[in-house]
Amino acid sequence: MSRRMPTPELGGATALILHRPHATVQALSRQLAAIGLHSETHWPELAAAAMAADFVFFDADQCHDGMFPWAPGEAPMPMVALIGSETPGRIEWALGQGADAQLLKPVGAGGVYSALLIARQGFEARRAALAEIAALRARLAERQTVVRAVLLLMARGRSETEAYAQLRALAMAWQDTIEQAARRICAGSDNQAAQQATRKGRDV
Amino acid sequence: MRRRLEIGLLYSPGGDYGAMASACRRGALNAVSDVNSDAARAVVITVVERDPGGNLDLYEPLCTEILRDSDARHVVGCVTSSSRKEVIPALEKAGGTLWYACPYEGFESSDRVIYTHACANQHLLPLLHWGFAAHGRRGHLIGSNYIWGWEMNRVAREVIGAAQGMVTGERHQALGDTDVGRLIAELRVARPDFVLSNLIGQSSRAFLDAMRVLRTEDPYFAEGCCPVLSCNLTECELASLGDAAEGVVSAGPHFAGAPLWGPARGATAGSSFEAAAYVAVAALAALEEAGGDTAAAMARCGIDPETHHMQLPVLIARVENGAFRVIGRSAPVAADPYLARRERWPGTLRPALRVVT
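From first to last, the protein sequence lines are chains A and B. Per my numbering, residue 381 is the first one in the first sequence, and the count goes up by one each step. Per my numbering, residue 157 is the first one in the second sequence, and the count goes up by one each step.
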């Protein structure tokens, strides 16, 4: 692996545990405390204050959608599923909630640390990927604007290649993306056209 | 001199699942008494018993107590999947084995548990195939709102889909909820070919009572049409359900009057719970007597050493005049707890060769 992970600092982070009182909760809290996290147990639901937590551990056997203060899959922090019943239905539900890692019940003396790291890495990778997809979608939506801008520049007697090169040069000069620069060019042309139309209107 | 073999019993005869727990307990004790009265056997079984009283949080400590305070390494017990999950850590710590004698949803294969009752390819799959052939492929799925209901209906939905059938509706009822009006109203509109009910306890009773009324009101649901299929209705609940259970079609390894399997061949039992617990004690006694290669001894008892599940007969039976009448049976089926080995799935069942009442 080319990427090196520095020893993650988890000390002081808050982990919420959504599970009925049970030996598994004690074992989990003990491991979290040993790592340096502050943990709180909640049952049967998480209050809205949970939004500020750094990690959430939830019972994949007995929890349901209504116990979380967010929509399924939209938890604002990494989540770890506590799995007892390895049935496809429950696993699918836990994944739908956005579980980034899992711990098999009963929780014993280990496993929490790796679950925290895997969940955080997975959560961040997922969030970064979603942000990138959103940015790419936005750029994709501007395809028509780029085509219009190139056509406008071509109208000034340039070839398609020259027009596109000019668009890129303008984007660099304005420190914009190609799409933003294209939008400016189109907006400028629209203003011009509007001004011309007004002038013509006055002339008429 | 016969060797003393101590075993644990961990059932809650007075809890919510009292009828099933009592049947299991009876089967286990019958097997103990049959082994003990057979002078040819190498072991004499003594029983150490604990009763968690239906409290989920008491199963693990009481199982620990049996394994710590007695010589027992085998514990026959647990009715619900959640209680089974609770005792597994205790078994792991002490090197004990749980003999689990109830039908369950599968997706488990603990090396500390031997499963002597059916999982989905031994109850649900054959029951659905029977339903498809006899009534059609449009199924309505109902169940109690916990792991048994969720998973059984999820698998049923897949099987129905794979058979190009149709799920006309699915509803889960909170545990103990007896308000089944909405369920019946949906059924009345959906008009399926059959209803798969994974309801348990009071909800199941309320549903069957309401179904009985629906059958008199709406000719589509008349007697003999649109049957209720179940993998968890056994003789344990039959007497208390009365007429409401008439016509329900159930699947399991045993119905009263049918022969027992594996090392319990020749014995009798009043329900599949009783039968599976009897088989559990018969098998653990046989394993203890065999010694040596455990895997080979397990296989001789009909236990798959890979999955720790038992090869089981599959019977389909309909409630008629207050008793189950077997209407279909198949050759013994090896368990496939993860539904991952298609070769273990049943095809169509042969019709019953003889009537067993």
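Here a beta-carbon is modelled for each residue, glycine too, at the ideal position from N, C-alpha and C.
- For Gln442(A), no alpha helix (DSSP H) run applies, since DSSP gives it neither H nor E.
- With the rule of 3 Cβ pairs closer than 8 Å, the segment 157-172 of chain B does not count as touching the segment 560-567 of chain A.
- The beta carbon of Ala407(A) lies closer than 8 Å to those of Pro486, Val487, Gly488, Ala489 in the same chain, with the five residues before and after it left out.
- Look at Arg310(B): its C-beta is under 8 Å from a C-beta on chain A.
- As for any beta strand (DSSP E) of minimum length 3 sitting wholly inside the segment 403-455 of chain B, the runs are 405-408, ordered along the chain.
- Taking Gly183(B) as reference, the option from Leu214(B), Ser359(B), Cys258(B) with the minimal CA-CA separation is Cys258(B).
- The residue from Glu393(B), Ala187(B), Ser406(B) with its alpha-carbon nearest to that of Ala420(B) is Ala187(B).
- The C-alpha of His328(B) is placed about 30 Å away from the C-alpha of Pro458(A).
- With a beta-carbon spacing of about 7 Å, Thr272(B) and Ala439(B) fall inside the 8 Å limit used to define contacts.
- One finds Pro486 in chain A with Cβ atoms closer than 7 Å to the Cβ of Pro245(B), taken in chain order.
- Between the alpha carbons of Ala407(B) and Ile415(A) lies a distance of about 50 Å.
- Residue ranges of uninterrupted beta strand (DSSP E) with 3 or more members, entirely inside the segment 456-498 of chain B and ordered along the chain, are 468-476, 479-489.
- For the segment 257-270 of chain B, the set of residues with a beta-carbon nearer than 9 Å to any beta-carbon of chain A comprises Glu261, Gly262, Phe263, Glu264, in chain order.
- Neighbours of Glu425(A) in chain B, taken as residues whose beta carbon is under 9 Å from its own, are absent, since the nearest beta carbon is some 16 Å off.
- Look at Leu426(A) here: in three-state DSSP terms it is coil, with no helix or strand label.
- DSSP, reduced to helix, strand and coil, places Asp190(B) within a helical segment of the structure shown.
- With a 10 Å radius around the Cβ and a threshold of 16 neighbouring Cβ atoms, Ala511(A) comes out exposed.
- Taking Val336(B) as reference, the option from Arg361(B), Pro383(B), Leu280(B), Tyr434(B) with the minimal CA-CA separation is Arg361(B).
- Apart from sequence neighbours up to five positions away, the residues of its chain that approach Arg528(A) with a beta-carbon distance below 6 Å are Cys566, ordered along the chain.
- The beta carbons of His464(B) and Ser265(B) sit about 6 Å from each other, so the pair counts as a contact at 8 Å.
- When DSSP states are grouped into helix, strand and coil, Gly321(B) belongs to the coil group.
- Distance from the CA of Val460(A) to the CA of Gly447(B), rounded to the nearest whole angstrom, comes to 43 Å.
- Shown here, Phe438(A) sits in a strand according to DSSP, grouped into three states.
- A distance below 8 Å separates the beta carbons of Gln477(A) and Pro452(A).
- Between Phe437(A) and the set Ala428(A), Ala535(A), Ala481(A), the nearest pair of CA atoms involves Ala481(A).
- At least 8 Å separates the CB of Glu540(A) from every CB of chain B.
- Within a 10 Å sphere around the beta-carbon of Tyr260(B) sit 16 or more other beta-carbons, which makes this residue buried.
- Distance check between Ala414(B) and each of Pro461(B), Leu297(B), Val315(B), Ile483(B) places Ile483(B) closest, using alpha-carbon atoms only.
- Under the 8 Å Cβ criterion, the segment 469-476 of chain B counts as touching the segment 394-409 of chain B, having at least three qualifying pairs.
- Residue-level contact by beta carbon holds for Ser237(B) and chain A, with a gap shorter than 8 Å.
- What Ser465(A) touches in chain B, judged by beta-carbon distance under 9 Å, is Ser237, Ser238, Lys241, Glu261, Phe263, Glu264, Ile303, Glu307, going in chain order.
- For Gly299(B), the closest of Ile244(B), Tyr256(B), Leu364(B) by C-alpha to C-alpha distance is Leu364(B).
- Taken through DSSP and simplified to helix, strand or coil, Ser386(B) comes out as strand.
- One Cα belongs to Ala427(A), the other to Val200(B), and the distance between them is close to 57 Å.
- Scanning Val384(B), Cys382(B), Arg368(B) for the CA closest to the CA of Asp399(B) turns up Arg368(B).
- A buried status is given to Val351(B), since no fewer than 16 other beta-carbon atoms sit within 10 Å of its beta-carbon.
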